[in-house]
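Under our numbering, think of the first position of the sequence shown as 1, with each following residue one higher.
Notes follow the structure.
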Amino acid sequence: MQNHIRREKWLKYRFLIAFVVITLTGACCYQLWLENHVYGPGAWQHALAYVCLIVVGASGYYAWLALDEKWPAMLWLVLYLVVLITFGVYHGINIFTHRLIYKVNPLFDETRKLFMSPMPFTLFYIFIKKTGRLQVRADNTGKSATGDDDGN
Numbered sequence: 001m002q003n004h005i006r007r008e009k010w011l012k013y014r015f016l017i018a019f020v021v022i023t024l025t026g027a028c029c030y031q032l033w034l035e036n037h038v039y040g041p042g043a044w045q046h047a048l049a050y051v052c053l054i055v056v057g058a059s060g061y062y063a064w065l066a067l068d069e070k071w072p073a074m075l076w077l078v079l080y081l082v083v084l085i086t087f088g089v090y091h092g093i094n095i096f097t098h099r100l101i102y103k104v105n106p107l108f109d110e111t112r113k114l115f116m117s118p119m120p121f122t123l124f125y126i127f128i129k130k131t132g133r134l135q136v137r138a139d140n141t142g143k144s145a146t147g148d149d150d151g152n
């Protein structure tokens, strides 16, 4: 019984843990590496931006897996994969052609900053909470933490 209570509390804290990890990762990456050019050349900054995006995406995915429904986790994963693939293609074109598309560069910079911030996670959380679909799993039996068998 105590294991069940501990697991229920842990699942509720997943969202808070993910929010803190996303916030700290985005802030550190933005302040230390991306906006301060003392810490490394451009290639290192781009590599660190990918690492930060992967950490933010994985943290959010970890939190969304706590829900009864799987579509929020899959939507989060697809969203971050699309962003990573798009950035990879854009930077790959720049590396192989040695041309920067200067008119598109600010768009990619702002998009990177957006997806490294906690704003998408927070907006997604509010959206799911307002739709009434935020039911945290209590265990692997399919029952929600609120005690309802049907998850409502």
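Just so it is clear, CB atoms sit at the ideal spot from N, CA and C, and this is done for glycine as well.
Given the structure is predicted, the values throughout are model-derived calculations rather than measurements.
- Sequence-distant partners of G57 (beyond 5 residues in either direction) whose C-beta falls short of 6 Å from its own C-beta, in its chain, are Y80.
- If you draw a 10 Å sphere on the C-beta of L123, you find fewer than 16 other C-beta atoms in it, and that means exposed.
- Two segments are said to touch when three or more pairs of C-beta atoms, one from each, lie closer than 8 Å; by this definition the region 21-29 touches the region 51-66.
- In summary, V83 is buried, with 16 or more beta-carbon neighbours lying within 10 Å of its beta-carbon over all protein chains present.
- Sorting V89, F115, R14 and I85 by C-alpha distance to the C-alpha of C29 places F115 at the top.
- Distance check between Q45 and each of K113, K129 and L67 places K113 closest, using alpha-carbon atoms only.
- Relative to Y13, the option among Y50, E69 and A63 whose CA is nearest is A63.
- Taking the C-beta atoms as reference points, F87 is found nearer than 9 Å to Y50.
- For T131, the three-state secondary structure derived from DSSP is coil.
- Rounded to whole angstroms, the separation of the alpha carbons of Y125 and W71 is 13 Å.
- Around the beta-carbon of P106, fewer than 16 other beta-carbon atoms lie within 10 Å, marking it exposed.
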